[in-house]
Amino acid sequence: MADSSKTKSEDEWRAILSREQFRILREKGTERPGTGEYNKYKEEGVYMCAGCGTPLYKSTTKFDSGCGWPAFFDAIPGAVSRHEDRSMGMTRIEITCTACGGHLGHVFKGEGFNTPTDERHCVNSVSMKFAKGDVAE
1 MADSSKTKSE
11 DEWRAILSRE
21 QFRILREKGT
31 ERPGTGEYNK
41 YKEEGVYMCA
51 GCGTPLYKST
61 TKFDSGCGWP
71 AFFDAIPGAV
81 SRHEDRSMGM
91 TRIEITCTAC
101 GGHLGHVFKG
111 EGFNTPTDER
121 HCVNSVSMKF
131 AKGDVAE
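In the UniProt record's numbering, the protein residues as written are 1 to 137.
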């Protein structure tokens, strides 16, 4: 079951996350392109938040965008929140786990990918865990 607490202290998060998970999920870091465990992963199942276990993406929405990070065209309804991100001298849309607030990556629109939403959710592998099969939403 997902731990939906957004009220964990920094020390509590440090105790349950690896150093790299903490850097990405809690400090809004980014893993190097092409290095993530799930970038080219093709199993059927569900990708869940590495911080709290909330189901985020079904493998049926994953596609190869060639960007170096796992890409999805849609999230499980209500699982992912969007926020304006003005860091790094640009405006982007940050995506976070709705349940725990963990940073997942960014969503890009209108890039011309042949997907139902014309969106690319560019997600850090470190932000997720994978479960084979169908996990209850």
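Here a beta-carbon is modelled for each residue, glycine too, at the ideal position from N, C-alpha and C.
- request: Tell me whether residue 146 sits in a helix, a strand or coil according to DSSP, three-state version.
  value: It is not possible to answer for residue 146, since the shown part of the chain is limited to 1 through 137.
Checklist entry - Which residues bound the alpha helix (DSSP H) around alanine 15? => result Run containing alanine 15: 10–16, per the alpha helix (DSSP H) assignment.
Discussion item. Taking a contact to mean a Cβ-Cβ separation below 9 Å, would you say glycine 34 touches asparagine 124 in this structure?
Written reply: No, the pair does not count as a contact, with Cβ atoms beyond the cut-off.
*Provide the residue span of the beta strand (DSSP E) that contains lysine 109, from first to last.*
For lysine 109, the enclosing beta strand (DSSP E) starts and ends at 103–109.
### Message
Beta-carbon within less than 8 Å of glycine 110's beta-carbon, same chain only, minus the 5 sequence neighbours each way: which residues are those?
### Response
Excluding residues up to 5 positions away in sequence, Asp118 lie with their Cβ nearer than 8 Å to the Cβ of glycine 110 in the same chain.
Our contact map puts histidine 106 next to aspartate 85 with C-beta atoms below 8 Å; I'd like the distance itself, whole angstroms only. About 7 Å separates the beta carbons of histidine 106 and aspartate 85, which is inside the 8 Å limit, making them a contact pair.
7 Å CB neighbourhood of lysine 58 in its chain, flanking five on each side removed: The answer, listed in chain order, is Val46 and Ile76.
**Request:** Quick one: give me the first and last residue of the beta strand (DSSP E) that aspartate 64 is part of.
**Result:** First-last for aspartate 64: undefined, no H or E at that position.
query: Which first and last residues belong to the beta strand (DSSP E) in which phenylalanine 130 is found?
result: Where phenylalanine 130 is concerned, the enclosing beta strand (DSSP E) stretches over 128–132.
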